[in-house]
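Below: one structure, written as C-alpha cells.
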Amino acid sequence: MKVGFLQFSPLWGRKDDNVERAIRSIRGAKADLLVLPELFSTGYLFENGEELKRSAEIIPEGPTFLRLADLAAEEKVNLVFGMAERDGESVYNSSVLVTPEGDFWVYRKLHLFDREKLWFTPGDKELEVIDIGRTRVGMMLCFDWIFPEVARILTLKGAQIICHPSNLVLAYCQSAMITRCLENGVFAITANRTGREERGGVKLTFTGKSQVVAPRGEILSQANETDEGVWTVDLDPDLAL
Ligand code: ACM
1 MKVGFLQFSP
11 LWGRKDDNVE
21 RAIRSIRGAK
31 ADLLVLPELF
41 STGYLFENGE
51 ELKRSAEIIP
61 EGPTFLRLAD
71 LAAEEKVNLV
81 FGMAERDGES
91 VYNSSVLVTP
101 EGDFWVYRKL
111 HLFDREKLWF
121 TPGDKELEVI
131 DIGRTRVGMM
141 LCFDWIFPEV
151 ARILTLKGAQ
161 IICHPSNLVL
171 AYCQSAMITR
181 CLENGVFAIT
191 ANRTGREERG
201 GVKLTFTGKS
211 QVVAPRGEIL
221 SQANETDEGV
231 WTVDLDPDLA
241 L
C-alpha cells in the first residue's frame, strides 16, 4: 500500500488558507494513507485559552473535518490530521482519522507539551487501533513520542502503522521514532511541520524531517528541515512483527 505524509508550514490563524493549501497538496497523490501535521489548520502558538477556543472546532460538524472528509472520499485516501477540537468548555489537541467512506476516529493528545498545558485539556480517551482494511493503524501526537508506553500500547493492541502528526521543536524525536519502530516491530509515519512562529514573546522553530520508518528501523522516506509537499512510499504493512 502507498502511505506518506504532508509536510508544510501552516500560517498561524489562517485556517481557510492552511486547509486549502493542504487539500491542494494532497489532491492527486494517489495514496492509501496520508498523515498531516499536528494542529495543521490553526498553527501552534496560542496566547490564551479564549483565542484557542475561537479557533477550535467540533468534530464532525466543524469545517476542517468536513473538508478533509470530502477530500478523503474524493481521493479515496485515509487521512490522519491534527486539529484543535472543541467539546463543551474543553479544547483538546486531537488527531482525527477519516476514511474514504466517512468513518472517523478521534485521539485526544495524552501528553501535552510545555505551554500546551496552559491551553488544552489532556486527552480522556483510550489509545485505539483501527482496522482500515489494508492495515491496522494507531494514532499518537507529537510529544507522545517521548513516552515509549504509547507506541507499546498501540502495538500490543495490534497496530501495524503508527500515525504521528507532529509540531516538533526538539531535535531528538526523528531518531527516537527509529527506536520506537525497532522495539515494537511497527511502521511509523511522523508528519512534522516546518517554519517558525513568534507569538506572545515565544519563538519556536519547527524541525521538519518528516519520515516513514519501517519495523527494522530503516527510514523509507524523509523530507528535509524546510521542504513542503507530500512524500509517499510503498510498503507492506504485514511486515510489521
Ligand atoms: C509537541 O508536542 N508539539 C512538541
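In terms of the numbering used here, the sequence shown is residues 1 to 241.
Glycine is no exception: its CB is placed at the ideal position from the N, C-alpha and C atoms.
None of the values given here were measured: they were computed from a predicted structure.
Q. Grouping DSSP H, G and I as helix and E and B as strand, with all else coil, what is Pro60?
A. coil
Q | For Asp144, three-class secondary structure by DSSP | A | helix
Q. Where Leu39 and Leu239 are concerned, what is the direct C-alpha to C-alpha distance, given to the nearest angstrom?
A. 30 Å
Q: Mark Arg21 as exposed unless 16 or more other C-beta atoms lie within 10 angstroms of its C-beta, in which case mark it buried.
A: buried
**Q.** Close beta carbons around Gly158, own chain, < 6 Å, minus the five adjacent residues each side
**A.** Val129, Arg136
Q: With distances taken Cα to Cα, identify the nearest neighbour of Phe81 among Pro237, Gln160, Gly138, Arg152.
A: Gly138
Q | Runs of alpha helix (DSSP H) lying entirely within the region 153 to 177, each at least 4 residues, in chain order | A | none
Q: In the DSSP assignment, find the unbroken beta strand (DSSP E) run with Gly4 in it and report its ends.
A: 2 to 7
**Q.** Range covered by the beta strand (DSSP E) that runs through Asn93
**A.** 90 to 98
Q.
Contact defined as beta carbons within less than 8 Å: I believe Ile161 pairs with Ile189. What is the distance between those atoms, to the nearest angstrom?
A. 6 Å
Q | Backbone secondary structure at Arg180 - three-state DSSP | A | helix
Q.
For the alpha helix (DSSP H) containing Lys203, name the first residue and the last one.
A. No alpha helix (DSSP H) contains Lys203, which is instead part of the beta strand (DSSP E) from 202 to 205.
Q: Go ahead and pull the three-state DSSP assignment for Asp238.
A: helix
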